[in-house]
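> To start, I am sharing the structure in question, which I have written as structure tokens.
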Amino acid sequence: MHPNHSIRRSLRPMTYCVAMRLDAGLVFLSDSRTNAGVDAISTFRKMTVFEREGDRVMVLLTAGNLAISQAVRQVLTEARDKPRSLWTARDMFEATTIVGEAVREVYDRDAAALAKAKIDFNVSIIFGGQIGGERPRLFNVYAAGNFIEATPENCYFQIGEAKYGKPIIDRVIRPTQPLDEAAKCALISMDSTLKSNISVGLPLDLLVYEANSLRVTRFVAIDEENPYFAMIRSTWGKRLRQVFAEIEDPDWQTGTHPAHPLRREGHPTAEVEPVRIAPPAAPPAADGAAVPQRAPGPVFEQVGTAQRVAGGPHEPH
1 MHPNHSIRRS LRPMTYCVAM RLDAGLVFLS DSRTNAGVDA ISTFRKMTVF
51 EREGDRVMVL LTAGNLAISQ AVRQVLTEAR DKPRSLWTAR DMFEATTIVG
101 EAVREVYDRD AAALAKAKID FNVSIIFGGQ IGGERPRLFN VYAAGNFIEA
151 TPENCYFQIG EAKYGKPIID RVIRPTQPLD EAAKCALISM DSTLKSNISV
201 GLPLDLLVYE ANSLRVTRFV AIDEENPYFA MIRSTWGKRL RQVFAEIEDP
251 DWQTGTHPAH PLRREGHPTA EVEPVRIAPP AAPPAADGAA VPQRAPGPVF
301 EQVGTAQRVA GGPHEPH
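Here the sequence shown is numbered in the UniProt record's numbering, starting from 1 and rising by one per residue.
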């Protein structure tokens, strides 16, 4: 085994966070699973809230190397008494720039040591909120400290183990979505991820921010016994199976006229054949030599009480 095999394996996505920017506000959801191997699974909360009621609410979600994530959060926390910090930023763009600078500060301090240990500098951040009279905004901050902002066309971000929870969001979420519907969609997205990847786990942190409130009014920690999330997990699975059963099976029969044909007779695609690889002229023997092909033997036919070789004269018994 490569000496760094276990290290590199621990850098696979081990968490899932999602946030949505809607006309009505923001939705944030994170799990709390982290691990350094199958025998070292722990719970660490990935959501941090920076709130000064009536002035600003900012939410930080992190994924990736836990030590890096905690270091970035510590840099942001320790800067609170400095002239330039999250608490003095004039808008969310400036606040996100400060988050990116914190990522770079940790990189400058730790990247060389991590590289020597053959560990990547791996951190992903979702950062969003509202400052003063500015509209709520949402950003995705990368490991280089640069970032992008959510738009009406792409109004959500995911970090960590994102692929399992993405389809439902793509199909459902629009900027005009009510906050409670978006929260429901986020929880279904998380359930899909929990179902397919054991490296993502409960408890969850869910925060729903109402635009212009400038305070946190809707937050809940969700564990295995949460009635609403248990209902979602049960209902979503049942409804998926129900809808699946209601969809008609493909009809392969020719001459039938199904409402939704799979194979369209007369259409150019009906003439398409699969890509085939021709078998060898002579199958190889076990030692690699070609097996000689025997001439086909005689074909016997039964004619009355006599038997003859096909194509030859009749021979009576």
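Here a beta-carbon is modelled for each residue, glycine too, at the ideal position from N, C-alpha and C. In this text the structure is predicted, and so the values were computed from the model without any measurement.
So which of Pro250, Gly132, Pro268 has the shortest CA-CA distance to proline 261?
Walking along the sequence shown from the start, residue 261 turns up at place 261. Taking only the C-alpha atoms, the option nearest proline 261 is Pro250.
> Taking only three categories from DSSP, how would you classify leucine 194?
Counting from 1 along the sequence shown, the entry for residue 194 is found at position 194. Reduced to three states, the DSSP call for leucine 194 is helix.
> Excluding the five sequence neighbours on either side, which residues of its own chain have a C-beta within less than 7 Å of the C-beta of leucine 214, listed in chain order?
In the sequence shown, residue 214 corresponds to position 214, counting from 1. Cβ within range, chain order: Glu53, Gly54, Asp55, Arg56, Val57, Gln130.
> Can you give the beta carbon distance from methionine 47 to leucine 61, rounded, assuming they're within the 8 Å contact cut?
Taking the first residue of the sequence shown as position 1, residue 47 is located at position 47. Taking the first residue of the sequence shown as position 1, residue 61 is located at position 61. With 8 Å as the limit, methionine 47 and leucine 61 qualify as a contact, their Cβ atoms being about 6 Å apart.
> Residues in its own chain within less than 8 Å of arginine 264 by CB, not counting five upstream and five downstream?
Position 264 of the sequence shown, counted from the first residue, corresponds to residue 264. Result list for arginine 264: Ala270, in chain order.
> Bridge partners for arginine 218 per DSSP, in chain order?
Position 218 of the sequence shown, counted from the start, is the residue given in the question as residue 218. BP columns for arginine 218 point to Val208.
> Can you list, in chain order, the stretches of the alpha helix (DSSP H) that have 4 or more residues and sit fully within the region 21 to 101?
Listed in chain order, they are 66 to 78.
> Give the single residue among Val18, Leu22, Pro279, Met14 whose Cα lies nearest to the Cα of arginine 135.
The residue you call residue 135 lines up with position 135 of the sequence shown. Taking only the C-alpha atoms, the option nearest arginine 135 is Leu22.
> Between the Cα of glutamate 210 and those of Tyr228, Ser192, Val200, Ala182, spot the shortest distance and give me the residue it belongs to.
Within the sequence shown, the letter at position 210 stands for residue 210. Of the candidates Tyr228, Ser192, Val200, Ala182, the one whose C-alpha sits nearest the C-alpha of glutamate 210 is Ala182.
> Measure the alpha-carbon distance for threonine 15 versus proline 167 and round it to whole angstroms.
Numbered from 1 along the sequence shown, position 15 holds the residue referred to as residue 15. Numbered from 1 along the sequence shown, position 167 holds the residue referred to as residue 167. When rounded, the distance between both Cα atoms is 18 Å.
> Considering only the alpha carbon of each residue, which of Lys238, Thr97, Ala259 lies closest to asparagine 146?
The residue you call residue 146 lines up with position 146 of the sequence shown. Taking only the C-alpha atoms, the option nearest asparagine 146 is Thr97.
> Span of the alpha helix (DSSP H) holding phenylalanine 229?
Within the sequence shown, numbered from 1, the residue matching residue 229 stands at position 229. 227 to 246 is the extent of the alpha helix (DSSP H) around phenylalanine 229.
> On the CB-based measure, 16 or more other CB atoms within 10 Å of its CB, does glycine 221 come out buried or exposed?
Walking along the sequence shown from the start, residue 221 turns up at place 221. What sits at residue 221 in the sequence shown is alanine, not glycine. Under this definition alanine 221 is an exposed residue.
> Going by C-alpha distance, which of Trp87, Arg109, Thr43 is nearest valine 72?
The residue given as residue 72 occupies position 72 in the sequence shown. Residue Arg109 is the option with its Cα nearest to valine 72.
> In terms of DSSP beta bridges, what is asparagine 140 paired with?
The residue labelled residue 140 in the question sits at position 140 within the sequence shown. Answer by DSSP bridge pairing, in chain order: Ile126, Ile148.
> Report yes if the C-beta distance between serine 32 and threonine 43 is below 8 Å; otherwise report no.
Locating residue 32 in the sequence shown gives position 32, where the first residue counts as 1. Locating residue 43 in the sequence shown gives position 43, where the first residue counts as 1. Contact flag set, yes.
> Excluding the 5 residues preceding and the 5 following glutamine 173 in the sequence, name in chain order all residues of the same chain whose CB lies nearer than 7 Å to its CB.
For the purposes of this step, residue 173 is taken as residue 173 along the sequence shown, with counting starting at 1. One detail in the question is off: residue 173 reads as isoleucine in this sequence, not glutamine. Once the five neighbours on either side are set aside, the close Cβ partners of isoleucine 173 are Met20, Cys155, Tyr156, Ala182, Cys185.
> I need the straight-line Cα distance from alanine 111 to proline 152, nearest angstrom please.
By one-based count along the sequence shown, residue 111 stands at place 111. By one-based count along the sequence shown, residue 152 stands at place 152. Those two C-alpha atoms are separated by around 35 Å.
> Buried or exposed for threonine 235, please, with buried defined as at least 16 other CB atoms from any protein chain shown within 10 angstroms of its CB.
Locating residue 235 in the sequence shown gives position 235, counting from the first residue. By the 10 Å Cβ count, threonine 235 comes out exposed.
> In whole angstroms, give me the CA-to-CA distance for aspartate 223 and leucine 76.
In the sequence shown, counting from the first residue as 1, residue 223 sits at position 223. In the sequence shown, counting from the first residue as 1, residue 76 sits at position 76. So the alpha carbons of these two residues sit roughly 28 Å apart.
> What are the partner residues of glycine 160, as DSSP defines its beta bridges?
The residue given as residue 160 occupies position 160 in the sequence shown. Tyr16.
> Assign glutamate 161 to buried or exposed, taking buried as 16 or more other Cβ atoms, counted over all protein chains shown, within 10 Å of its Cβ.
Working through the sequence shown from its first residue, we reach residue 161 at position 161. By the neighbour-count rule (16 or more Cβ atoms within 10 Å), glutamate 161 is buried.
> Using the three-state DSSP reduction, which class does isoleucine 169 fall into: helix, strand or coil?
As a working mapping, residue 169 is identified with position 169 in the sequence shown. Isoleucine 169: helix per DSSP, three-state reduction.
> Going by other Cβ atoms of all chains shown within 10 Å of its Cβ, with 16 needed for buried, is arginine 233 buried or exposed?
Along the sequence shown, read from residue 1 onward, the residue named residue 233 stands at position 233. It counts as buried.
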